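Note that the protein sequences, when read in sequence, are chains S and F.
Taking the working numbering, the leading residue of the first sequence gets 1, the next gets one more, and so forth.
Taking the working numbering, the leading residue of the second sequence gets 1001, the next gets one more, and so forth.
All C-beta atoms in this analysis are idealised placements derived from N, C-alpha and C, irrespective of residue type, glycine included.
Only a predicted model underlies this, so the values are computations on that prediction, with no experimental measurement involved.
Notes follow once the structure below has been shown.
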Amino acid sequence: MSFDAVLSAHPPERLAQRAECATAADVERALAGPAVDLDGFLALISPAAAPHLEDLAARAQAVTRERFGRVIQLYAPLYLSNECTNGCVYCGFNRANPVRRATLTPEQVDDEAGALWGEGFRNVLLVSGEAPRVVSPAYLEQVAGQLHRRFASVGIEVYPLDEGGYARLVAAGVDSLTVYQETYDPELYARVHPSGPKADYRWRLGAPARGAAAGMRRVGIGALLGLGPWRLEATAVALHALWLQRRYWETQVCVSFPRLRAAAGGIAPPHPVSDRDLVQLACALRLLLPDAGLVLSTREEPRFRDGLAPVCITHMSAGSRTEPGGYTHPEEAEGQFQVEDRRSPAEVSARLAGLGIEPVWKDWDAAFLDREVGASGGDGKPCASL
Amino acid sequence: MPPTPATDPLVIAGRTFGSRLLMGTGKFSGPRVMADALEASGTEIVTVALRRVDLTRPDEDILAHVDRERYLLLPNTSGARDAGEAVRLARLARASGLSSWVKLEVTPDPRYLLPDPVETLRAAEALVAEGFTVLPYIGADPVLAKHLEEAGTATVMPLGSPIGSGRGLRTRDAVGIIVETCRVPVVVDAGLGVPSHAAAAMELGADAVLVNTAVAVARDPVAMAAAFRKGVEAGRQAYLAGRSPVLPEARASSPLTGFLRDEP
């Protein structure tokens, strides 16, 4: 059964209603059990669970420590382009926004990568708007290949591709894919994505599965919180993660919970998500998905990041610039969203250490994907940083 | 006389070790506490995930905190999904001068990290043929253990329960068969949550155990490392001492037939 069919068979709005009317007894049962299933998750994101937030956080922290230890992986986004053919109402890259546009040449990508390497990063996430004429699959393949020779891990967060396109990127050295559905509500999706290829809800919905089928080792999903009622979106994300785990058992699922922020020409979030809501959601996800990576970006402010990180987070970005070229030539192009945590990677790293968490810069190796590397390590100089 | 490293050493691939506790290096809150825990454990073999190793940052890399004069570095292929990936990583490690010993881990399932028996055997055969000293992480499968032994691995390392789960020696019966049937050292790896779990494995006749999460995420990792050291030593001593038999019902200490006299 496709995930689309799963959503039809188990409409998130019906499930989310169960979350709205869960009782204190449901919450206590979920917290008392050895494992949390979908019913338990719905209880844990319910209004009835709000008074139990401290217990929920304690359980989430224990599960995270058992599975991942006291470590957090650091990564940096590398924005390739802010050119875009979409009209997403919440996004700074919206084609109608009169902002400075740029697409990095492969040489400029190398410059940006060099800056990130110098900061200590070994995991990079390539990000781009949707402009396939300038950021073509061939371009992505080229820049992924050049970064793969240098970085331990290369991920992508770009417009949806078909399975063959993802397979080419895997062959070029990409190991992880991030595609946020933004909203799982088709009607709301249509309203906030009125034009451009991104208006195709189902094509985007199927992208994580296509990536997993193509051999991506990690697949990241999420909803842009604030667009729709968060319990509804959380329920759909949970269903999506569970479905991906079952179907693509060799792929690690990661979940992010980006909150809508102000952007050029953007909108105020119609359904604001409070800090307490977000903590409740993150902790409930941890208990439902003990093995999932949970990602927290610089969209959130330092105080919140420092608070949530030791509870259930496994991956964090640091020092992010959301405009192409931002690490070497800041502010020559417009960013996608406002970065709230402006601390340097070194400052974030030191803060994590102070919180009793080891910041991990490298937890993957390019050699995993290098089919062509022979007994001597290819050219004798392993492209892996190992 | 309790056994001492001199009278009862662990021998792997011809090399002698005084400690029967192998330690992992993941999940610690920082390098200092990791180094202190290694010391407190008394270990002589320390495994490091190759995917964590970054030779481009020698001063900050995890290896900078593992004293290689003191510990045998045992690189592991954690993260490898098939034999090809594991073999490639092991080759890179050796080419980089790290070690020709390798803890072979092939875990295609990122959730429970259970080892793939088919790919593990395939990788072990390839690595042994290339001269590696191979210590494979496996499910507690006695037949697989024999196949690996015949392939020339230096040990077999059956799991007690899934990695990091702390559930203890859930595979007791199968590990018992492996201990009974294998000639290479048996190292119980994964799932041991408290020193009594380690002691139980050693009492059963395991030659050593490997511990990581239970120490790394304890409230006081250094104290827990010291406790595991004692658990391993106690379990080994008990095994050598020869336990009393397990009986289905009580047996009186005084013989029930003591009243009988020899008849003339």
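| query | Between S/Thr-23, S/Ala-43, S/Tyr-90 and S/Thr-103, which lies nearest to S/Gly-326 when the distance is taken from Cα to Cα? | reply | Position 326 of the first sequence, counted from the first residue, corresponds to residue 326 of chain S. It is S/Thr-103.
Rounded separation between F/Val-1143 and F/Pro-1117 - CA only: As a working mapping, residue 1143 of chain F is identified with position 143 in the second sequence. As a working mapping, residue 1117 of chain F is identified with position 117 in the second sequence. Each residue's Cα considered, the two are about 10 Å apart.
Query - Beta-carbon gap between S/Glu-163 and S/Arg-210 smaller than 7 Å - result: If you number the first sequence from 1, residue 163 of chain S lands on position 163. If you number the first sequence from 1, residue 210 of chain S lands on position 210. In contact: S/Glu-163 and S/Arg-210 (Cβ atoms closer than 7 Å).
Quiz item: Is the CB of S/Trp-203 under 7 Å away from at least one CB in chain F?
Solution: The residue you call residue 203 of chain S lines up with position 203 of the first sequence. It does not: the Cβ of S/Trp-203 has no partner Cβ on chain F nearer than 7 Å.
**OP:** Going by DSSP, name the residue or residues bridged to S/Ser-176.
**Re:** On the first sequence, position 176 is the one that residue 176 of chain S refers to. DSSP output for S/Ser-176 lists S/Gly-155 and S/Arg-218 as bridge partner(s).
So, helix, strand or coil for F/Val-1053, using DSSP?
Walking along the second sequence from the start, residue 1053 of chain F turns up at place 53. Reduced to three states, the DSSP call for F/Val-1053 is coil.
Check: Under three-state DSSP, which class holds F/Met-1202?
Finding: The sequence position of residue 1202 of chain F within the second sequence is 202, counting from 1. Correct three-state label for F/Met-1202: helix.
Q) What did DSSP end up calling S/Lys-198 once you bin it into helix, strand or coil? A) By one-based count along the first sequence, residue 198 of chain S stands at place 198. Reduced to three states, the DSSP call for S/Lys-198 is helix.
Review point. Which residues, taken in chain order from the segment 1193 to 1224 of chain F, show a beta carbon closer than 7 Å to some beta carbon of chain S?
Key: Thr-1213, Ala-1216 and Val-1217
* Asked: Can you give the Cα-Cα distance for S/Gly-33 and S/Gly-40, rounded to whole angstroms?
  -> Here residue 33 of chain S refers to the residue found at position 33 when the first sequence is read from its first residue. Here residue 40 of chain S refers to the residue found at position 40 when the first sequence is read from its first residue. Answer to the nearest angstrom: the Cα atoms are 9 Å apart.
Quiz item: Whose C-alpha, out of S/Phe-93, S/Ala-138, S/Gly-356 and S/Leu-125, is nearest the C-alpha of S/Leu-147?
Solution: In the first sequence, residue 147 of chain S corresponds to position 147, counting from 1. Ranking the options by Cα distance to S/Leu-147, first place goes to S/Leu-125.
- Measuring only between beta-carbons, confirm whether F/Pro-1136 sits less than 7 Å from chain S. Start at 1 with the first residue of the second sequence, and residue 1136 of chain F comes out as number 136. For F/Pro-1136, the answer is no, since every Cβ of chain S falls outside 7 Å of its Cβ.
**Beta-carbon contacts of S/Lys-381 that lie in its chain and below 6 Å, excluding the five residues immediately before and after** = Stepping through the first sequence from its first residue, residue 381 of chain S is reached at position 381. Its pLDDT being 43, under 50, S/Lys-381 is placed unreliably in this model, and the coordinates cannot settle the point.
Going by DSSP in three states, S/His-108 sits in which element: helix, strand or coil? Locating residue 108 of chain S in the first sequence gives position 108, counting from the first residue. Correcting the residue type first, residue 108 of chain S is Gln in the shown sequence and not His. Helix.
Practice prompt. Determine contact between the segment 1156 to 1174 of chain F and the segment 1194 to 1208 of chain F, defined as no fewer than three beta-carbon pairs at a distance below 8 Å.
Written response: yes
Note to self: My assumption, with CB atoms under 8 Å, is that S/Arg-259 sits in contact with S/Gly-222. Please give the rounded CB distance.
What the structure shows: Translated into the one-based positions of the first sequence, residue 259 of chain S becomes position 259. Translated into the one-based positions of the first sequence, residue 222 of chain S becomes position 222. With 8 Å as the limit, S/Arg-259 and S/Gly-222 do not qualify as a contact, their Cβ atoms being about 11 Å apart.
Can you round the beta-carbon distance between F/Ser-1099 and F/Leu-1121 to whole angstroms, since I take them to be within the 8 Å contact cut?
As a first step, residue 1099 of chain F is located in the second sequence; it is residue number 99 there, counting from the start. As a first step, residue 1121 of chain F is located in the second sequence; it is residue number 121 there, counting from the start. F/Ser-1099 to F/Leu-1121, Cβ: 22 Å. No contact.
Q. What is the rounded straight-line gap between the Cα of S/Leu-352 and the Cα of S/Thr-298?
A. Taking the first residue of the first sequence as 1, we reach residue 352 of chain S at position 352. Taking the first residue of the first sequence as 1, we reach residue 298 of chain S at position 298. Going by the C-alpha atoms only, they are around 14 Å apart.
- Message: Let me see if you follow: with CB-CB separation under 7 Å, is F/Arg-1032 close to chain S or not?
- Response: Residue mapping note: residue 1032 of chain F aligns to position 32 of the second sequence, counting from 1. Not one chain S Cβ lies under 7 Å of F/Arg-1032.
- prompt: Using a Cβ cut-off of 8 Å, which residues of the segment 67 to 91 of chain S contact any Cβ in chain F, in chain order?
  reply: Arg-67, Phe-68, Gly-69, Arg-70 and Val-71
Measure from the alpha carbon of S/Tyr-139 to the alpha carbon of each residue in S/Gly-165, S/Leu-224 and S/Phe-121, then state which is nearest.
In the first sequence, the residue the question calls residue 139 of chain S occupies position 139. Of the candidates S/Gly-165, S/Leu-224 and S/Phe-121, the one whose C-alpha sits nearest the C-alpha of S/Tyr-139 is S/Gly-165.
| message | Comparing C-alpha positions only, which one of F/Val-1184, F/Lys-1230, F/Met-1224 and F/Ser-1244 sits nearest to F/Gly-1014? | response | Counted from its first residue, the second sequence places residue 1014 of chain F at position 14. Looking at the Cα atoms, F/Val-1184 is the closest of the given residues.
May I have a chain-ordered list of the alpha helix (DSSP H) segments no shorter than 4 residues that lie completely inside the segment 1102 to 1136 of chain F? 1117 to 1129
>> Would S/Ala-316 and S/Leu-78 qualify as a contact pair, given that the criterion is a beta-carbon distance under 7 Å?
In response: For the purposes of this step, residue 316 of chain S is taken as the residue at position 316 of the first sequence. For the purposes of this step, residue 78 of chain S is taken as the residue at position 78 of the first sequence. Going by the sequence as given, residue 316 of chain S is Met instead of Ala. No, they are not a contact pair.
By Cβ distance, which residues of its chain are closer than 8 Å to S/Val-170, with the 5 residues on each side in sequence left out? As a working note, residue 170 of chain S is residue 170 in the first sequence. If we look at S/Val-170 and ignore the five residues flanking it on each side, its Cβ neighbours are Ala-214, Gly-215, Met-216 and Leu-369.
Worksheet item: Would you call the segment 58 to 73 of chain S and the segment 282 to 301 of chain S touching, i.e. three or more CB-CB distances under 8 Å?
Response: yes
message = Suppose contacts are defined by Cβ-Cβ distances below 7 Å. Is S/Ala-212 in contact with S/Tyr-248 by that definition?
response = Within the first sequence, numbered from 1, the residue matching residue 212 of chain S stands at position 212. Within the first sequence, numbered from 1, the residue matching residue 248 of chain S stands at position 248. Against a cut-off of 7 Å, the Cβ pair of S/Tyr-248 and S/Ala-212 comes out as a contact.
Inter-residue Cα distance where the pair is F/Asp-1082 and F/Val-1106
Reading the second sequence from its first residue, position 82 is the one you call residue 1082 of chain F. Reading the second sequence from its first residue, position 106 is the one you call residue 1106 of chain F. Each residue's Cα considered, the two are about 6 Å apart.
Q: Enumerate in chain order the residues of its own chain whose CB-to-CB distance from F/Pro-1058 is below 6 Å, with the five nearest sequence positions on each side excluded.
A: Counting from one through the second sequence, the residue named residue 1058 of chain F turns up at place 58. Cβ within range, chain order: n/a, list empty.
Notebook entry, point to check: Which of helix, strand or coil does DSSP assign to S/Met-1?
Noted result: Within the first sequence, the letter at position 1 stands for residue 1 of chain S. Reduced to three states, the DSSP call for S/Met-1 is coil.
Output yes if chain S places a C-beta closer than 7 Å to the C-beta of F/Ser-1029; else output no.
The residue labelled residue 1029 of chain F in the question sits at position 29 within the second sequence. Yes, F/Ser-1029 counts as interfacial toward chain S.
- Query: Which bits of chain S does F/Arg-1052 rub up against, with CB to CB less than 8 Å?
  - Reply: Here residue 1052 of chain F refers to the residue found at position 52 of the second sequence. The contacting residues are Val-360, Lys-362 and Asp-363.
For this session: Using a Cβ cut-off of 7 Å (strictly closer), state whether F/Pro-1075 contacts chain S.
Result: Here the question's residue 1075 of chain F lines up with position 75 in the second sequence. Not closer than 7 Å to any Cβ of chain S, the Cβ of F/Pro-1075 fails to qualify, so no.
Q. Run through DSSP, which three-state label would S/Arg-286 get?
A. Here residue 286 of chain S refers to the residue found at position 286 of the first sequence. Correct three-state label for S/Arg-286: helix.
- Quick one: what's F/Asp-1189 bridged to in DSSP? Translated into the one-based positions of the second sequence, residue 1189 of chain F becomes position 189. Answer is F/Leu-1159 and F/Leu-1210.
Query - Enclosing beta strand (DSSP E) for S/His-240 [first to last residue] - result: Residue numbering aside, residue 240 of chain S sits at position 240 when the first sequence is read from its first letter. Here S/His-240 belongs to no beta strand (DSSP E); instead the alpha helix (DSSP H) covers 230 to 247.
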